[in-house]
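Student: My questions all concern the structure below.
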Amino acid sequence: RHRTVYADKVVDTLCPFCGVGCQTRVYVKDDEIVQVDGRDGPANENRLCVKGRFGFDYVRHPHRLTRPLVRRDDAPKAGDMVLDPANPWEVFREATWEEALDRAALGLSRTLNVHGGQALAGFGSAKGSNEEAYLFQKLIRQGFGTNNVDHCTRLCHASSVAALMEGVGSGAVSAPFAAANEADCIIVIGARPGQNHPVAATYFKQAAKRGATLVIMDPRGQELMRHATHALRFKPGSDVALLNAMIHTIITEKLYDEQYIQANVEGFAALKEKIADFSPEAMEPVCGIDAETIRTVARTYATSPRSIIFWGMGVSQHVHGTDNARCLIALSLITGQIGRPGTGLHPLRGQNNVQGASDAGLIPMVYPDYKSVEDANVRARYEDAWGRSLDPARGLTVVEIMDAIHEGEIRAMYIMGENPAMSDPDQIHARAALAKLDHLVVQDIFLTETAWHADVVLPASAHAEKLGTFTNTNRQVQLGRPALDLPGEARQDWELIAEIAKRIGLDWSYAHVSEVYTEMASMMPSLDHISWERLEREDAVTYPSPAEEGPGTEILFAQGFPTKSGRAKIVPADIVPPDELPDDTYPLVLTTGRLLEHWHTGAMTRRSASLSAIEPDAIAAMNSREIRRRNLRPGAQITVTTRRGSITALLREDRDVADGMVFVPFCFAEAPANRLTNPQLDPFGKIPEFKFCAARVDQY
Ligand code: SF4
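Residue numbers for the sequence shown follow the UniProt record's numbering, so the first one is 227 and each next one is one higher.
Here is the structure:
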């Protein structure tokens, strides 16, 4: 507290990390952040977790990029170099902005002219603002004439969004996580909010304390299970078996809401037929949960006055991720547990702006507001607005783009604020793809593992230096304000996108980021009545907002669904096994995820002294039974090997890890989990199976 007395300025802004979207008050002294407090925002009510409160010092880390870089003519081949962020000079040299931007744009336009727009692709960022996401997808679509534009939503909730769009006509949450306050039964499945959405987790704990039934379903244990009435540690990859057995109970015991189904739902008859073989007894050996517990949880969910489901990447990151989400949607629809306070469906979004970046069209199948690129009427509207004919076909997704580079179909990329060299599955394949590109432009705040492959590196803005809007997991559009000046010659991301646009011949003229917001909002009915000025005044508004004043709509689907028929659709799911099952050579299941202190690929949090002090070293975790069974020593180095590669990490004893499983967090560049993961995709959401592949562990 005493430090605030000496602050030069105090800025009200947002946390840069997770999708909870906590509002922060940042204290600045001598252009450095010295303290962060929580504000009374709609998502955090003054709370912050360890990342939001202490993870701010990465912004001024000495690795910060402050001048443009271009690849040296005599640099080692991309892919062969040693990555040393403190010494990039063997690979890069500094350049002026004019040279760097000209080079960046020239390489992209040369590819366009020689090979056509389909030879180009872009990855935008879920950490950037809505305005940056909107401009980035506009550049790729208008400037290069392709829909090959995607971002990390493809790696987190693409399958959830696919199932939600198909089922209820909207990919966003139907209720905020604060709806847990009013719920009688809360199911959290395939999520670890205590680590990944810590402030949201406090709402679940409070609900349990008040007497709500809290059901946690996950193969791994977690701290939140201590607050739960039921903890179901099912076998990895058996989600559909467990959820269909719950649906079976609800249907056979006639606990469904017939009136609601008749008025609002299609596909119930097909569901009834499908789940006939999924009795709890039949599914008990498949999912490892006893039949009576399945029945108890199903009855509680169906008969509680208000039940709500939250889920995370344990549901979505499977080859059957869309099927998993379809089962959750079916559960809520047959019981009418949606559209009322305390009910609903809530995929907990990961990054601070993954909801907003998706809404703004950073997706290869859709323009802003999820309007299909294949719909001629929608396309005509954008062609009118943007003054050129647009690509009528869906673009490629993240992993498909990497494959297309290997096939020679994609030859140049512009990557803003994403780190696919760490986040994509089968990393050796992904890095080889980046190294194969004719031309790669990377715009970022650090020389990430991806930036090392670049021909041009553009130093950009950190969250603490940005003015812009960000949309959290609750559909709350919030204003982030700059607390710090840009370091050195670094520039705002939106300005850099506009500079590239200018150099490839686009006629853009934005004098201020608010003009970008206004143009974007004019193309997005979801932002009706939410003006820039209103956000400046109110800081946060939930979309959709029915009027210029008053609260936005927190609970969706009270009056039907935004589908063609106005009804929601159940799509029954069958059991699809994980793509790669354990065998004699690879007897364990590898699962990957995050740690409380480290954010995604670690580019930011591993450069935070306080967070790195708590979690400094690369680890792989197993439970004590598995460690003993395999004669391993906790604290010693182990290698984890899959069919795609090997890593070395310290073995941590962790009772939360399931029998027969090894857990590896994906934030450590020196032991990259994604060197091991399986790139096999869910056919609908095109999301890779990060949560399950066969692995071996050795100690030498
Ligand atoms: Fe930031 Fe998420 Fe923690 Fe809130 S819960 S402080 S948004 S990381």
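We put the CB at the ideal spot given by N, CA and C, even for glycine.
Which residues does DSSP list as the beta-bridge partners of W537?
Tutor: Partner(s): I415, P573.
Student: Name, in chain order, the residues that DSSP records as bridge partners for E817.
Tutor: A small correction: the amino acid at residue 817 is Thr; Glu does not occupy that position in the sequence shown. F889, per the DSSP bridge assignment.
Student: Using C-beta distances below 8 Å, list every residue in its chain close to P531, excluding the 5 sequence neighbours before and after it, in chain order.
Tutor: Cβ within range, chain order: D410, G568.
Student: Using 6 Å as the cut-off, classify the Cβ of G278 as near or not near the heavy atoms of the ligand SF4, replying yes or no.
Tutor: Yes - the ligand SF4 has a heavy atom lying nearer than 6 Å to the Cβ of G278.
Student: So, for R227: in the same chain, excluding its five sequence neighbours on each side, which residues have a beta-carbon less than 8 Å away from its beta-carbon?
Tutor: Its pLDDT being 45, under 50, R227 is placed unreliably by the model, and the measurement read from it follows with that caveat. For R227, where only same-chain residues beyond five positions count, there are no Cβ hits under 8 Å.
Student: So is T674 buried or exposed if we call it buried at 16+ other beta carbons inside 10 Å?
Tutor: With 16 or more Cβ atoms within 10 Å of its Cβ, T674 is classed as buried.
Student: Beta carbon of S400, beta carbon of L782: below 7 Å?
Tutor: Yes, Cβ-Cβ distance for S400 and L782 is below 7 Å.
Student: What does the Cβ neighbour count give for D843, buried or exposed, with the cut at 16 atoms within 10 Å?
Tutor: Exposed: under 16 other Cβ atoms inside 10 Å.
Student: Assuming G911 contacts V387 under a Cβ cut-off of 8 Å, what Cβ separation, rounded to an integer in Å, is found between them?
Tutor: Yes, they are in contact, since the Cβ atoms of G911 and V387 sit about 7 Å apart, within 8 Å.
Student: Going straight from the alpha carbon of D681 to that of H377, what length do you get?
Tutor: Rounded to the nearest angstrom, the two C-alpha atoms are 21 Å apart.
Student: Tell me the residue span of the alpha helix (DSSP H) that contains K480.
Tutor: Where K480 is concerned, there is no enclosing alpha helix (DSSP H), given that its DSSP letter is neither H nor E.
Student: Determine the burial state of Y743: buried for a count of at least 16 other Cβ atoms within 10 Å of its Cβ, exposed for fewer.
Tutor: So Y743 counts as buried.
Student: Start and end of the beta strand (DSSP E) containing D549?
Tutor: First-last for D549: 547 to 561, but that is the alpha helix (DSSP H), not the beta strand (DSSP E).
Student: Pick from D601, R286, Y608, T817: whose alpha carbon is nearest that of V260?
Tutor: It is R286 whose Cα lies nearest to the Cα of V260.
Student: For the ligand SF4, is there a heavy atom less than 6 Å away from the beta-carbon of V246?
Tutor: Yes, the Cβ of V246 comes within 6 Å of a heavy atom of the ligand SF4.
Student: Return the chain-ordered list of same chain residues with a C-beta closer than 8 Å to the C-beta of A690, the five sequence neighbours on each side being excluded.
Tutor: T239, P242, V252, I259, F282, V285, P708, A709, L710.
Student: To the nearest angstrom, how far is the alpha carbon of E841 from that of W315?
Tutor: Whole-angstrom Cα-Cα distance: 29 Å.
Student: Among the residues of its own chain, which have a CB less than 7 Å from the CB of F494, if the five just before and after it don't count?
Tutor: Cβ neighbours of F494 beyond the five flanking positions: I487, I560, I796.
Student: Determine the burial state of V624: buried for a count of at least 16 other Cβ atoms within 10 Å of its Cβ, exposed for fewer.
Tutor: Burial call: buried.
Student: If you drop the 5 nearest sequence neighbours on each side, which residues of the same chain put their C-beta closer than 6 Å to that of M750?
Tutor: Excluding residues within five positions, the ones whose Cβ falls inside 6 Å are P594, D595.
Student: Count the other CB atoms, across all protein chains shown, that sit within 10 Å of the CB of residue 998; report buried if there are 16 or more and exposed otherwise.
Tutor: Residue 998 is absent from the structure shown; the chain starts at 227 and stops at 926.
Student: Since Q581 and T699 are thought to touch, with beta carbons under 8 Å apart, how far apart are those beta carbons, to the nearest angstrom?
Tutor: Indeed, because the Cβ distance is near 6 Å, the residues count as touching under 8 Å.
Student: So A406 and A433 are supposed to be a Cβ contact under 8 Å. How far apart are they, rounded?
Tutor: Indeed they touch by this definition, with Cβ atoms about 4 Å apart.
Student: In whole angstroms, give me the CA-to-CA distance for N470 and E499.
Tutor: Their Cα atoms are separated by approximately 12 Å.
Student: Please report the residue range of the alpha helix (DSSP H) in which N356 lies.
Tutor: 356 to 364 is the span of the alpha helix (DSSP H), which, as asked, contains N356.
Student: Under a three-way DSSP split, which group does I756 fall into?
Tutor: Reduced to three states, the DSSP call for I756 is coil.
Student: Does the beta carbon of R336 sit closer than 7 Å to a beta carbon anywhere in chain D?
Tutor: Judged by its chain identifiers, the structure shown contains no chain D, having just a single protein chain.
Student: Which residues does DSSP list as the beta-bridge partners of L924?
Tutor: The amino acid occupying residue 924 in the given sequence is Asp; Leu does not appear at that position. Its beta-bridge partners are T865.
Student: Less than 7 Å between C-beta atoms, sequence neighbours within five positions excluded: which residues of the same chain meet that for R459?
Tutor: Counting only Cβ-Cβ distances below 7 Å, and skipping sequence neighbours, we find D444, P445, G447, A884.
Student: May I have the straight-line CA-CA distance separating E635 from A345, to the nearest angstrom?
Tutor: Straight-line Cα distance between these residues: approximately 6 Å.
Student: Return the CA-CA distance between A502 and A496, expressed in angstroms with no decimal places.
Tutor: Their backbone Cα atoms lie some 10 Å apart in a straight line.
Student: Are there any heavy atoms of the ligand SF4 lying less than 6 Å away from the beta-carbon of F243, as far as the coordinates show?
Tutor: Yes, since a heavy atom of the ligand SF4 falls inside the 6 Å radius drawn around the Cβ of F243.
Student: On the criterion of 16 or more Cβ atoms from any shown chain inside 10 Å, does T697 qualify as buried, or is it exposed?
Tutor: Per the 10 Å Cβ criterion, buried.
Student: Considering Cα atoms alone, identify which of F672, A619, V523, A727 is closest to I442.
Tutor: It is V523 whose Cα lies nearest to the Cα of I442.
Student: Which residue from G514, V425, N550, I412 puts its Cα closest to that of A799?
Tutor: With distances taken between Cα atoms, A799 lies closest to N550.
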